[in-house]
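In the working numbering, the protein residues as written are 1 to 261.
In structure tokens form, the structure reads like this:
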């Protein structure tokens, strides 16, 4: 498993290594994006020496990157060495959605009276691109999921900015890593994408009409649906992880090799 994880780190999109800050920053950004995108899944393990070898770096910046990921709550230390990506349990997911329900509904209410014309146009462009992507033949599914994730994040970020409340935006952004992981997990259930973007399109109409009550009600319903998507995505991930573990047992692989001193 550790070898597979190190290979995943090596295959990361080079885009995430820009701009070229410190080596530790670059490693941190790469691993963080892979965790958010589910390329390194909950419960999987990363070893310092193997990540360092595959990224052609020393172990010191890798260790620092691990420390920052641990601070973000994305990984946890394990007794045998290295780190393991934290699991997303149902209680934590429900708590995050409960907070989102309050904060984002308030953001939408504020945005109804404060949103600018250029922000409305930006939201419409995002919806248009997403809806075109949904019906297109390409690209491959993994690439499409990542782009849908990016568009969805940009849509919600634009919505938050439109609230004009910097303190509220700060509170929402403090959940960014956890929300990102959960949001991407929901995208595994690709049968729900069209519905989600239809809800985005309807929300824009309420924003343009300055209909605070309808906008907040739709946003809350959108989050209820998103939670259902996440539960479906969790089942898909758990099913895939179980198959992978069974295959590794059949090959006689040790799932938790120790990190060398």
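For glycine and all other residues, C-beta sits at the position ideal for the given N, C-alpha and C.
Three or more C-beta pairs below 8 angstroms linking the region 83-95 and the region 151-171 = no
Determine contact between the region 100-107 and the region 194-201, defined as no fewer than three beta-carbon pairs at a distance below 8 angstroms.
-> no
Classify residue 34 as buried or exposed, calling it buried when 16 or more other Cβ atoms lie within 10 Å of its own Cβ.
-> buried
Alpha carbon to alpha carbon, what distance is there between residue 78 and residue 43?
-> 11 angstroms
DSSP on residue 76, reduced to helix/strand/coil?
-> strand
Whole-number beta carbon distance between residue 74 and residue 149, since they are thought to touch under 8 angstroms = With a Cβ gap of about 16 angstroms, residue 149 and residue 74 do not count as contacting.
The beta strand (DSSP E) enclosing residue 84, as first and last residue numbers | 83-85
Near residue 234, what residues of its chain come up, given a Cβ to Cβ distance below 6 angstroms and the 5 sequence neighbours on each side ignored?
-> Once the five neighbours on either side are set aside, residue 234 has no close Cβ partner at all.
Grab me the residues of residue 184's own chain with a C-beta within less than 7 angstroms of its C-beta, minus the 5 sequence neighbours each way, in chain order.
-> 36, 37, 38 and 149
Out of 145, 158, 96 and 64, state which residue places its alpha-carbon closest to the alpha-carbon of residue 187.
-> Measuring from the Cα of residue 187, the nearest candidate turns out to be 145.
Residue 45 bridges to which residues according to DSSP?
-> 84
Secondary structure of residue 215, DSSP reduced to three states = helix
What do you reckon, are the CB atoms on residue 153 and residue 119 nearer than 8 angstroms?
-> no
Pull up the CB-CB distance for residue 108 and residue 215, whole angstroms please, since I reckon it's below 8 angstroms.
-> 5 angstroms
Nearest-angstrom Cα distance between residue 58 and residue 41?
-> When rounded, the distance between both Cα atoms is 24 angstroms.
CA-to-CA distance, residue 111 to residue 208, given in whole angstroms | 10 angstroms
Going by Cα to Cα distance, which pick from 166, 65 and 135 is closest to residue 194?
-> 135
Between the C-alpha atoms of residue 155 and residue 161, what's the straight-line distance to the nearest angstrom?
-> 10 angstroms
Quick one: is residue 47 buried, meaning 16 or more other Cβ sit within 10 Å of its Cβ, or exposed?
-> buried
Which stretch, first to last residue, makes up the alpha helix (DSSP H) that contains residue 61?
-> 59-71
Please classify residue 209: does DSSP put it in a helix, a strand, or coil?
-> Per DSSP, reduced to three states, the secondary structure at residue 209 is coil, with no helix or strand assignment.
Contact belief for residue 96 with residue 27 at Cβ below 8 angstroms, rounded distance in angstroms = Not quite, the Cβ-Cβ distance comes to about 26 angstroms (not below 8 angstroms), so this is no contact.
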